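**Q**
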Amino acid sequence: MIRLAQPSDLPALSDIERSAAQLFRGTPMAWAADGDPLPQHELATGCAAGLLWVAERDQQLCGFALARPSGDALFLVEMSVALPAQGQGLGRALIAALLAHAQGRYAAVVLTTDRHLPWNAPFYRRLGFVELLPPVPDAVQARLQAEADAGFDPARRCAMTYRFEA
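Counting from 44, one number per residue, gives the positions in the sequence shown under our numbering.
1) DSSP three-state label for residue 134, please.
2) Which parts of the segment 71–146 are runs of the alpha helix (DSSP H), unbroken and 4 residues or longer, counting only runs that do not cross its ends?
3) Taking only three categories from DSSP, how would you classify residue 208?
4) Expressed to the nearest angstrom, what Euclidean distance is found between the alpha-carbon atoms of residue 146 and residue 207?
5) So what's residue 200 in DSSP terms, helix, strand or just coil?
6) Provide the residue(s) that pair with residue 149 in DSSP beta bridges, ordered along the chain.
7) In this structure, does DSSP put residue 183 in helix, strand or coil?
8) Report yes if the C-beta distance between residue 61 and residue 80 is below 8 Å; otherwise report no.
9) Do the segment 96–108 and the segment 126–138 make contact, defined as three or more Cβ pairs closer than 8 Å?
10) What are the boundary residues of the alpha helix (DSSP H) that residue 56 is part of?
11) Grab the span of the alpha helix (DSSP H) containing residue 168 for me, first residue to last.
12) Look up residue 157 in the DSSP assignment and give the residues it is bridged to.
13) According to the Cβ coordinates, are residue 48 and residue 124 closer than 8 Å?
Here it is as structure tokens:
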């Protein structure tokens, strides 16, 4: 089940993000497996704005997607599914909920991701996202630069968009 997050859900989301990040071990992004989860205040802001969705299975939280407005687009900040729950369609369901929310409110959904890892750009491509080619919007370029400054390999990063039909 996918639903909007409630404040009582927030403490569990850091553990979900840490679990999901374990998938990066053994990849060029292995360092991300030990990275810090999103700050609680960022999750709380998304929750209050109605831009944080959670995946729940058997009354257990096992995934989430956080977005924020960025100009005329909705930017996907983070999507994480706990490692034991991956491969069961929860990521697709979270994206479907986010797209359903965004349609009619925003021109597009935008995200940044790794070009090559199968659960990154190839996953989003299967859901209808396409890579943004330069020049990308200033806000997206700033996000890509912040990621590079944080240690992400800029050659592996890309921005992707899902545009709604006008």
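Heads up, the beta-carbon is just placed ideally off N, CA and C, and yes, glycines get one too.
Just so it is clear, the structure is predicted and the values come from calculations on it, not from any experiment.
**A** Result, derived from the coordinates:
1) Translated into positions along the sequence shown, residue 134 becomes position 91. Residue 134: helix per DSSP, three-state reduction.
2) Taken in chain order, the complete alpha helix (DSSP H) segments of 4 residues or longer contained in the segment 71–146 are 83–91 and 133–145.
3) Start at 1 with the first residue of the sequence shown, and residue 208 comes out as number 165. Reduced to three states, the DSSP call for residue 208 is coil.
4) Position 103 of the sequence shown, counted from the start, is the residue given in the question as residue 146. Position 164 of the sequence shown, counted from the start, is the residue given in the question as residue 207. If I take the Cα positions, the gap works out to 7 Å.
5) Residue 200 sits at position 157 when you count from the first residue of the sequence shown. It is a strand residue.
6) As a working note, residue 149 is residue 106 in the sequence shown. Per DSSP, 146.
7) As a first step, residue 183 is located in the sequence shown; it is residue number 140 there, counting from the start. Residue 183: helix per DSSP, three-state reduction.
8) As a position in the sequence shown, residue 61 is number 18, starting the count at 1. As a position in the sequence shown, residue 80 is number 37, starting the count at 1. In this structure, residue 61 lies near residue 80, with their beta-carbon atoms less than 8 Å apart.
9) The segment 96–108 makes contact with the segment 126–138; the number of CB pairs closer than 8 Å reaches 3 or more.
10) Indexing the sequence shown from 1 puts residue 56 at position 13. Taken as a continuous stretch (DSSP letters only), the alpha helix (DSSP H) holding residue 56 covers 53–64.
11) Sequence index remark: in the sequence shown, residue 168 carries index 125 (1-based). It spans 164–169 - the alpha helix (DSSP H) in which residue 168 sits, taken as one unbroken run.
12) Residue numbering aside, residue 157 sits at position 114 when the sequence shown is read from its first letter. Residue 157 is bridged to 200.
13) Here the question's residue 48 lines up with position 5 in the sequence shown. Here the question's residue 124 lines up with position 81 in the sequence shown. It is not a contact, given that the beta carbons lie outside the stated cut-off.
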